[in-house]
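The structure appears right after this line, and notes come after that.
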Amino acid sequence: MTTPRDPHVFVVDVEDEPGVLTRVSSLFRRRGFNIVSLTVGATERPGISRMTIVVDAPDVAARRIEAHLWKLVNVIRVEDVTGGASVRRELVMVKVSADAEARTHVMKLAEVFRARVIDVAPESLILETTGTSDKIAGLLDVLRPFGVLEVARSGHVAMVRGAQAGQARAAVDDTDAVPDNVSYSV
Amino acid sequence: MREGVTDIFGYPGGAILPAYDAMLDFPIRHILVRHEQGATHMADGYARASGRVGVAIATSGPGATNMVTGIATAMMDSSPIVCITGQVGSRLIGSDAFQETDITGITLPITKHNYLVTRPDDVAKTVREAFAVATQGRPGPVLIDITKDAQQASCEFEWEKAAPNPRHVGVPRAAISDTERRQALELIHDAKRPVILAGHGILLSGAMPFVRELAERAGIPVAMTLLGIGAFPASHPLNLGMMGMHGEAWVNTAIQEADLLIALGMRFDDRVTGNVRTYARQAKKIHIDIDAAEIGKIVAVDVGLVGDLCDVLGALVPGVEPGRRDEWIARIDTLKGDSAVRDIQNLPDHGHLYAAHVMKDLWHATNGRAVVVTDVGQHQMWEAQYYHHESPRTLITSGGLGTMGFALPAAIGAKVSRPDAEVWTIAGDGGFQMTMAELATIKQENLDVKIAVINNGYLGMVRQWQEFFYERRYAATPLLSPDFAKVAEAYGLRAFTVKTRGDVIPAIEAARSHQGTVLIDFQVEQEDTVYPMVPAGADLHAMIRRPSAIAETAMEEV
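As you go down the protein sequences, you meet chains H and S in turn. Residues in the first sequence are numbered consecutively from 8, following our numbering. Residues in the second sequence are numbered consecutively from 394, following our numbering.
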């Protein structure tokens with residue numbers, strides 16, 4: 008179970024059209040909810056994008072956010088995947104200060120975190136890893152003494168595990184069964 | 394056309410010219426307004442009076458931005474309107490072309506949905522979908538921005554193929570479960586002091602018979618929100634009247650003493666609840682609304698049911714055990730008696746003309762049957778208190794947004810949608826001057842709308858707040874007005890000026906017997922106050938009451 012202050016994670020399928028991202032982000036702005044992270048990408052189905060939205064909101068507010076999202080015309084599916092039944096991952100790239108002397112040390116630490124070195128320069132390295140927020144925070148903690156020069160994080164993506172995902176898919180397939188011969192220049 | 398549109402309110406301009414030209418070939422009545430804000434309020438009034446979608450049309454740029462207030466008004470009050478705006482040619486979009494504005498961006502948070510159409514092929518299906526989106530579920534305004542080139546080009550148009558995307562106009566998801574139904578019924582059966590809170594959703598759903606059956610079956614008194622007025626007959630013994638900031642004392646006291654609130658199609662606006670922390674603390678709450686996002690938004694509820702009121706109440710009401718609640722009703726009657734001695738109608742006549750008298754007399758003279766369209770402010774509250782509405786869709790007023798200038802254009806829309814109804818506009822001297830240019834629309838369209846201007850020389854409601862909360866420092870509330878009768882006459886309309894109580898009924902009768910628009914300028918007591926009043930954010934039971942006749946010199950109770 009989640010405590011009232013845990014961030015909530017929503018997976019939202021939307022029609023892939025201009026303006027949809029604005030509609031979704033505008034909803035959060037307008038209602039005063041704070042987005043922790045928001046990612047958008049293509050799905051296995053053409054014309055449909057998937058958003059993963061992490062919001063810092065109490066449970067009651069999260070239920071209202073879900074209801075508000077459903078009201079957006081371009082939203083096809085909303086699922087609150089907060090809690091144990093889903094997996095969450097984030098990608099991070101870290102440029103860390105590392106001269107010839109420190110380089111081996113940093114690479115050893117990277118190995119422990121299963122981070123890959125994707126660029127080596129005379130005075131720095133770029134590491135890349137995916138994981139939960141905790142893992143990424145841990146990596147950054149151990150790198151900080153060397154000098155973290157730059158951090159780029161992707162924001163979260165999330166997916167429901169196993170059987171539950173199947174149920175969710177079944178519901179989506181129903182929606183897909185609806186004939187759709189309309190496309191909009193929105 | 395095929396959506397059943399017969400009337401459109403609009404104002405032409407460069408980017409919408411092709412649509413106007415095409416309109417000439419169809420039997421659509423176009424009402425030329427004097428300001429695009431008026432067009433949106435007219436569409437809104439049209440929708441609220443009839444339940445049909447109101448349509449407003451304007452050009453790009455300033456034409457479109459002038460619609461914003463009317464669209465926001467319709468959004469807050471869940472009114473189904475479709476606004477069509479012209480847009481510059483699709484190749485010019487983004488270039489800051491003449492009269493270009495990003496109206497879909499501007500109206501994004503104040504429309505239920507909006508569309509930018511750049512291809513002629515998309516016009517038909519977008520229009521069809523817009524009408525469906527505006528009316529389905531919780532109604533609201535939809536805007537369609539159509540580029541000039543999309544209007545000019547022609548294309549094959551097939552009605553069937555242009556059907557709305559079912560994914561966009563799906564019916565509300567939830568149906569109530571047996572458990573929910575049982576929980577709700579248990580709360581109702583256990584309640585000794587229940588109150589029904591009747592909101593606008595009842596009118597939108599057409600659920601009046603179900604509400605009445607619920608109230609009568611279980612002996613539950615009914616309090617109404619401002620927009621819920623008309624959802625339950627005023628003369629019904631179980632009717633309490635309006636709740637909230639200017640609700641009668643017995644209504645708010647009953648809510649505070651209740652052990653169950655059954656909220657139907659309402660959204661616990663801050664004007665309804667006062668201080669939420671002290672609101673109806675003893676009461677369990679059942680909230681039924683078509684919009685899931687309203688459940689638990691302001692007030693935590695014990696049972697929240699999502700769905701169309703007709704469906705939900707249809708499933709619920711047959712399970713309600715018939716019963717009476719005599720003790721509770723008797724308690725409310727006691728509260729009513731206490732209020733009666735303070736009622737301005739019962740105060741001795743000092744020769745003053747009070748706005749409340751005008752409302753009461755207007756109610757008498759029209760047998761409570763008129764469609765009354767009010768503006769925003771003191772007169773709006775007096776109307777709600779003293780004009781007793783018996784039937785649905787007879788009070789049209791801007792509740793959520795509180796838009797001054799709403800009344801006159803909305804009344805025009807109401808009259809166009811219900812030509813046989815007697816339509817009265819009631820507006821203050823402030824709000825009336827915001828949109829009185831629409832008097833010309835009335836004249837040009839030869840409409841019969843009766844207009845009562847409640848003229849007290851102040852922005853009265855603001856003045857009242859200054860009186861109570863700003864030590865009577867009247868900043869910017871004294872208001873100079875023209876001679877309204879002469880203004881009306883300048884537009885070729887008949888007009889009267891009334892200064893005494895005795896002249897009220899004769900003037901109303903004269904206006905009613907005249908075929909055509911009549912304006913009456915009621916010059917009322919300047920510094921009158923709407924009582925009772927719950928100060929914003931205060932506890933609902935902490936009302937400022939009108940000093941009673943017996944203790945007229947006493948300070949206001951707080």
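We put the beta carbon where it would ideally sit given N, CA and C, even for glycine.
Per DSSP, S/D414 is one residue of the alpha helix (DSSP H) stretching across L410 to M416.
Rounded to the nearest whole angstrom, the CA to CA distance from S/N839 to S/D813 is 14 Å. For H/R95, the uninterrupted beta strand (DSSP E) run begins and ends at S93 to S104, by DSSP.
Straight through space, the alpha carbons of S/D695 and S/W721 are spaced by roughly 22 Å.
Contact note: S/P502 reaches chain H through S33 and R37, using a C-beta cutoff of 7 Å and chain order.
Within chain S, no C-beta atom comes less than 9 Å from the C-beta of H/I42; the nearest is roughly 16 Å away.
S/H680 and S/G444 have their alpha carbons spaced roughly 24 Å apart. The three-state secondary structure of S/T433, taken from DSSP, is helix.
As the crow flies, the alpha-carbon of H/V149 is around 15 Å from that of H/V99. Contact with chain S is absent for H/H163, since none of that chain's Cβ atoms lies less than 8 Å from the residue's Cβ. DSSP, reduced to helix, strand and coil, places S/A888 within a strand of the structure shown. Under the three-pair Cβ rule at 8 Å, the stretch 624 to 637 of chain S does not count as touching the stretch 908 to 924 of chain S. Counting C-beta atoms within 10 angstroms of its own C-beta, S/S488 has fewer than 16 neighbours from the protein chains shown and is therefore classed as exposed. Looking at the backbone, the Cα of S/G454 and that of S/V516 are separated by about 20 Å. The beta-carbon distance between S/V923 and S/Q857, rounded to whole angstroms, is 6 Å. This is short enough to meet the 8 Å contact definition. Rounded to the nearest whole angstrom, the CA to CA distance from S/A878 to S/P899 is 16 Å.
Restricting attention to beta strand (DSSP E) runs no shorter than 3 residues, the stretch 574 to 652 of chain S encloses them at 587 to 591, 615 to 617 and 632 to 635, ordered along the chain. Straight-line spacing of the CA atoms in H/I55 and S/A777 works out to 49 Å.
For S/G406, the nearest beta carbon of chain H is not closer than 8 Å to its own beta carbon. Contact check for H/V113 against H/V16 fails: the beta carbons are separated by 8 Å or more. Taken in chain order, the unbroken stretches of alpha helix (DSSP H) that lie wholly in the stretch 98 to 167 of chain H and span 4 residues or more are 107 to 119 and 140 to 150. Within chain H, V80 have C-beta atoms less than 7 Å from the C-beta of S/V526, given in sequence order. In this structure, the beta-carbon distance from S/F603 to S/G716 does not fall below 8 Å. Taking a cut-off of 8 Å for Cβ pairs, the stretch 586 to 603 of chain S and the stretch 545 to 565 of chain S do not touch, as fewer than three such pairs fall below it. Its Cα nearest to that of S/M827, the residue S/D768 stands out among S/R670, S/D768, S/D684 and S/A807.
Taken in chain order, the complete beta strand (DSSP E) segments of 3 residues or longer contained in the stretch 798 to 825 of chain S are 816 to 821.
With 16 or more other CB atoms across the displayed protein chains lying within 10 angstroms of its CB, S/P925 is buried. The alpha-carbon separation between H/P25 and S/T890 amounts to approximately 56 Å.
Around the CB of H/V158, fewer than 16 other CB atoms lie within 10 Å, so the residue is classed as exposed. A residue is called buried once 16 or more other Cβ atoms fall within 10 Å of its Cβ, and S/G792 is buried on that count.
It is roughly 42 Å from the alpha-carbon of S/R574 to the alpha-carbon of S/G498.
Near chain H, meaning a CB-to-CB distance below 9 Å, the residues of the stretch 552 to 564 of chain S are K554, A555, A556, P557, N558, P559, R560, H561, V562 and G563. Closer than 8 Å to the CB of S/G479 there is not a single CB belonging to chain H. The beta carbon of S/F661 sits closer than 6 Å to the beta carbons of I691 and V692 from its chain, once the five residues preceding and following it are set aside; these are given in chain order. Taking one beta carbon from each stretch, the stretch 103 to 110 of chain H and the stretch 69 to 77 of chain H have fewer than 3 pairs nearer than 8 Å; the two do not touch.
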